[in-house]
Each structure stands twice: as structure tokens, then as C-alpha cells.
Amino acid sequence: MNQSKLTFSQPPARPGQSPDFSLLDIPAAGTLPVPPLDLDAQGARDFANGLIRVLDDEGNAVGPWADYVAKLGDDILLQGLRDMQKMRAIDVRLLNAQRQGKTSFYLQCTGEEAIGCGFQRQLASGDMNFPTYRQQSLLVAADYPLDALMGQIYSNSKDPLEGRQLPIMHSSRDYGFFSISGNLGTQFVQAVGWAMANALTSNGQIAAGWIGDGATASNDFNSALLSASTYQPPVVLNIVNNQWAISTYTGVASGKSKTYADRARGYGLPALRVDGNDYLAVAAVSRWAVERTRAGHGPVVIEWFTYRAAAHSAADDPSSYRPKGEARAWPLGDPIDRLKTHLINRAIWSEERHAQMEAEMLDDVTTVQKSVEQFGTFIAPKPMSKAATFEGVYAEMPEHLRRQRQDAGF
Ligand SMILES: Cc1ncc(C[n+]2csc(CCOP(=O)(O)OP(=O)(O)O)c2C)c(N)n1
Ligand SMILES: [Mg+2]
939 MNQSKLTFSQ PPARPGQSPD FSLLDIPAAG TLPVPPLDLD AQGARDFANG LIRVLDDEGN
999 AVGPWADYVA KLGDDILLQG LRDMQKMRAI DVRLLNAQRQ GKTSFYLQCT GEEAIGCGFQ
1059 RQLASGDMNF PTYRQQSLLV AADYPLDALM GQIYSNSKDP LEGRQLPIMH SSRDYGFFSI
1119 SGNLGTQFVQ AVGWAMANAL TSNGQIAAGW IGDGATASND FNSALLSAST YQPPVVLNIV
1179 NNQWAISTYT GVASGKSKTY ADRARGYGLP ALRVDGNDYL AVAAVSRWAV ERTRAGHGPV
1239 VIEWFTYRAA AHSAADDPSS YRPKGEARAW PLGDPIDRLK THLINRAIWS EERHAQMEAE
1299 MLDDVTTVQK SVEQFGTFIA PKPMSKAATF EGVYAEMPEH LRRQRQDAGF
């Protein structure tokens, strides 16, 4: 008898059922050591299959990575809390603006703030991120001007890209944020290529590639890992595993691999898997990875284990494919709440100060938002320079465009 069959990966629960994460294997905090900077793929087995966690369930920092992060000082934690709170306020306000018709599109990173915020603070000027659309937190923690970030969402004259990109597809060379492409995965190979070019100049700059769990199914993901393995350029390759690719459960892209990090070991690359909702773990591992990469030990892959708490984008309704309350049931909690609890446990923060910061942040973000909206929104557009449509593509304008511009009268 023919015994062959196909398997179709299913999430643990669907709408109407209770969220169920009971089958997730979540090791206790503090169990993994800090590896040497020259960690190789062989030595990385436990790091790729375990989970680096610093904060335990009570919000206390435990284990060898806690000692590592303590050396970085408390200021980076307080800064991290501010960065994440700012990011969340931006997400709330801009989704709201989309609902009011002021922009055609927005996409939140709610629940994933620690990853971009924590990583960016460990980079140096001149390093380059190759992000996806869900890493606006990198810009926020790079202190990117808020009016430029919001102008891009409104495609008005405050937009440094002058409306040439879909809202959320930022681009800023000066802030280490490579232009986002709508085609998933392309940025991963570009990160490796950019790092190769920089290795040739020995300028000490490093690249950071970013990809979602779903997009690891792309050819570009696999090409990037192979090129990184072959040429050993200075690149940190980040996989943000937030359990979903729009409505597709992460099990489809992971197949029978236990973790995405372990897949990288198949390419001969060292890889670590980290609790992405634990700001201390993110900061510590980012610092370690950046230092290692800059020191010339070659590429490293990091799987950030997290949960996409919001909809995929403003155009998505997750209640049609996952249970209500799944984000709240995520066993690794919310990154802002967890860092807050930790800082309060250590008596360097309080509920009052937190509430005050939250209010201040929302106020600051709303003030900038209102001023940027004066320059035009989707429902109340302000004309921009027509001549500018002819600029920004060619270094020298070709004859046929010059003629078209003249015909158009400017
Ligand atoms: C090459 C390509 N295929 C498909 C799409 C459509 N698409 C946009 S986002 C997305 C899901 C990506 O999920 P994941 O990589 O997990 O990132 P996340 O949205 O969870 O951050 C898909 C399939 C696309 N933009 N490009
Ligand atoms: Mg995803």
C-alpha cells in the first residue's frame, strides 16, 4: 500500500480556540554561558537550539549574560526603556492616523520593540542596517528625526524621499538604514554584499541584515547564508521569528528544523537564539555580536524569538486566523513591561516615573505629528514640487527627461 502523505503545518490554536503555547520549549533564564568571541558553528550547537534569556519570570537578571550586561551600565537600560516607549507611542499614533485616512498605510512593530532598539544602540556610526519594514525601531534608537520619520508616512514635503516610496519604507544612509525593498529577502544578500565591500576597504564598518521568519523561505536567505559562509564578511544576520508571516504560521517556513538558528549551522555559520522580548538579553547579545564581527571573526546569525503582537499591517485582520488574546498569552511577555519590572525591582525606576514618561512620550510624539500633518496628509494633501518628479533617479538628467520637463512647463 502507498504510505506516502504530505504534511501541512498548523498553528497550535485557531480563532475560537484558546491560545496554546504549551508545546513551546522555553528553557529557564540564565542557563547559557557567554561564548568566546570566536565561536564557530560546531561550538554554537547549544546556543542555536537553546534560548539566551537574562530576565527570569520575576524580572530579575540571572546567569552569565546578566554579569555581561551589568558591565554595560544601567544607563543603557533606562535609554532602552525610553526608546521602546517612544517606538510604541509612534506606532499608536501612526496607526491612528491611518484609521483617520491621513495615510494610506502603516505597519506596527508592537511587541518587537526591544530587538531593533536594543541592537541599534550597540552599533557605531557608519555601520549599516539592511532592514525589513518592521524595523523602524532601528531608526528610533538611532535618534532619527521624528519629523522625517512621520513625513515619510504622510508622503509630504517633510518626507526625505519626497513621496517616492510606500509609507513605512524609510531610507537613510546617514542613520545607517538602507532603503527597504518590497521584495522580501533582497536585503539579506545586499547586507552580505555591502559587508564584503567594506571588508575590502578595512574601514571597520559592519553590516546587519534583517529578515522575518517567513522570508527565510526565500532563495535570497539561503544565498546570503552561503555567501556569508564562503567569504566571511563582517555581517550580523538577524532573523526575527515573530511566529507569523501575515496569516501563515511560522511552522511552514521552519519545516522540521527545531530553530531557524540551527539552520544557519548547516551553512557552517555560528548562530544564537535569543529571547527577543528581553531587553537585557537583546542588548548583551547585540554587544557581543557587534564586537565579534568588528574584531574580524566573521558572520554570526541571531534568531530573535518573539511574537508579532499587532496585525501584520493596517491592511490585515489577524482575528480571522489566530485566537483572540494570543499576544497576551505569549509566554515571554511584553518587552516594555518586562524591562520596567526589572528596573522597579532594582529600585532605579517606579510606576510613577513610568506613567510620567509614557505620558510625556505620547505628548512629544503627538506634538511632532500635528506639526508634520500641517505639511499635508492623504486626505488633505499639499502640492509638492512637480519639478522634483524628474529628479533623484539619474545623476545627470538624460535629454528625453529634460525635454519632458520643459514640455510640462518647468
Ligand atoms: C518576494 C515576496 N513574496 C511575498 C511577499 C508578500 N509578503 C509581504 S510581507 C509577507 C510576510 C512576511 O513574513 P515574515 O518574513 O515572517 O516577516 P514579518 O511580517 O512577520 O515581520 C509576505 C508574504 C513579498 N512582499 N515579497
Ligand atoms: Mg514573521
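Going by this note's numbering, the sequence shown opens with residue 939, and the numbers climb by one from there. Every residue gets a Cβ at the ideal spot worked out from N, C-alpha and C, and that includes glycine. Treat the numbers as computed from the prediction; the structure is a model and nothing was measured.
Beta strand (DSSP E) segment containing residue i, residue limits
{"i": "PRO1147", "result": "A small fix is needed here, since residue 1147 is Gly in this sequence, not Pro. Taken as a continuous stretch (DSSP letters only), the beta strand (DSSP E) holding GLY1147 covers 1145-1150."}
{"i": "ASN1067", "result": "1066-1068"}
{"i": "ASP1213", "result": "1209-1213"}
Cβ-based neighbour list, residue i, same chain, cut-off 6 angstroms, excluding 5 preceding and 5 following
{"i": "LEU1032", "result": "TYR1044 and ILE1091"}
{"i": "ALA1346", "result": "none"}
{"i": "LYS1024", "result": "VAL1078 and MET1299"}
{"i": "ALA1133", "result": "ALA1145, PRO1171, PRO1172 and VAL1173"}
{"i": "ALA1004", "result": "VAL992"}
{"i": "GLN1058", "result": "LEU1076, ALA1079 and ALA1080"}
{"i": "GLN1073", "result": "GLY1054 and TRP1148"}
Under the three-state DSSP convention, the category residue i falls into
{"i": "ARG1111", "result": "coil"}
{"i": "ILE1240", "result": "strand"}
{"i": "TYR1082", "result": "coil"}
{"i": "THR1139", "result": "helix"}
{"i": "TRP1132", "result": "helix"}
{"i": "LEU989", "result": "coil"}
{"i": "TRP1287", "result": "coil"}
{"i": "TYR1187", "result": "strand"}
{"i": "TRP1182", "result": "strand"}
{"i": "ALA1252", "result": "coil"}
{"i": "ALA1352", "result": "With the chain covering 939 to 1348 only, the question about residue 1352 has no answer from this structure."}
{"i": "GLN1060", "result": "coil"}
{"i": "GLN955", "result": "coil"}
{"i": "GLY1054", "result": "helix"}
{"i": "GLN1125", "result": "helix"}
{"i": "PRO971", "result": "coil"}
{"i": "GLU1100", "result": "coil"}
{"i": "THR1041", "result": "coil"}
{"i": "TYR1245", "result": "coil"}
{"i": "HIS1235", "result": "coil"}
{"i": "GLY1089", "result": "helix"}
{"i": "LEU961", "result": "coil"}
{"i": "TYR1006", "result": "helix"}
{"i": "LYS1320", "result": "coil"}
{"i": "ASP1272", "result": "coil"}
Same chain only: Cβ atoms within 8 angstroms of residue i, ignoring 5 sequence neighbours per side
{"i": "PRO953", "result": "SER1257, SER1258, TYR1259, ARG1260, PRO1261 and LYS1262"}
{"i": "ASN987", "result": "LYS1196, THR1197, ALA1199, ASP1200 and ARG1211"}
{"i": "PRO1319", "result": "ASN1094"}
{"i": "THR1186", "result": "GLY1152"}
Buried or exposed by the 16-neighbour rule on C-beta atoms within 10 Å, applied to residue i
{"i": "HIS1338", "result": "exposed"}
{"i": "GLY1330", "result": "exposed"}
{"i": "TYR1332", "result": "exposed"}
{"i": "PHE1243", "result": "buried"}
{"i": "LEU1270", "result": "buried"}
{"i": "LYS1096", "result": "buried"}
{"i": "GLU1311", "result": "buried"}
{"i": "ARG1341", "result": "exposed"}
{"i": "ASP1275", "result": "exposed"}
Sequence-distant residues of its chain with Cβ nearer than 7 angstroms to residue i (five each side left out)
{"i": "SER1119", "result": "GLN1125"}
{"i": "ASP1029", "result": "GLN1046, CYS1047 and THR1048"}
{"i": "VAL1190", "result": "SER947"}
{"i": "PHE1159", "result": "GLY1123, PHE1126, ILE1149 and ALA1153"}
{"i": "THR1304", "result": "ARG1031"}
{"i": "TYR1082", "result": "SER1110 and TYR1113"}
{"i": "ALA1247", "result": "THR1048, GLY1049 and ALA1265"}
Residue interval of the alpha helix (DSSP H) (run including residue i)
{"i": "GLU1329", "result": "Run containing GLU1329: none; DSSP gives neither H nor E here."}
{"i": "ARG1341", "result": "1337-1346"}
{"i": "LEU1175", "result": "No alpha helix (DSSP H) holds LEU1175; the beta strand (DSSP E) holding it covers 1173-1179."}
{"i": "ASN1034", "result": "1013-1037"}
{"i": "TYR1169", "result": "1157-1169"}
{"i": "THR1231", "result": "1217-1232"}
{"i": "ARG1201", "result": "1198-1203"}
{"i": "ARG1266", "result": "1264-1267"}
Cβ-Cβ distance between residue i and residue j below 9 angstroms
{"i": "VAL972", "j": "ALA1202", "result": "no"}
{"i": "ILE1317", "j": "GLN1103", "result": "no"}
{"i": "GLY1114", "j": "GLY1056", "result": "no"}
{"i": "ALA979", "j": "TYR1205", "result": "yes"}
{"i": "VAL992", "j": "LEU1218", "result": "yes"}
{"i": "VAL1178", "j": "LEU1207", "result": "no"}
{"i": "ALA1137", "j": "PRO1171", "result": "yes"}
{"i": "ASP984", "j": "ALA967", "result": "no"}
{"i": "ALA1086", "j": "LEU1277", "result": "no"}
{"i": "PHE959", "j": "TRP1268", "result": "yes"}
{"i": "LEU1016", "j": "ILE1286", "result": "yes"}
{"i": "SER1165", "j": "VAL1130", "result": "yes"}
Check: residue i C-beta below 8 angstroms from any heavy atom of ligand 4
{"i": "TRP1182", "result": "Judged by which ligands are present, ligand 4 is missing from the structure shown, whose ligands are ligand 1 and ligand 2."}
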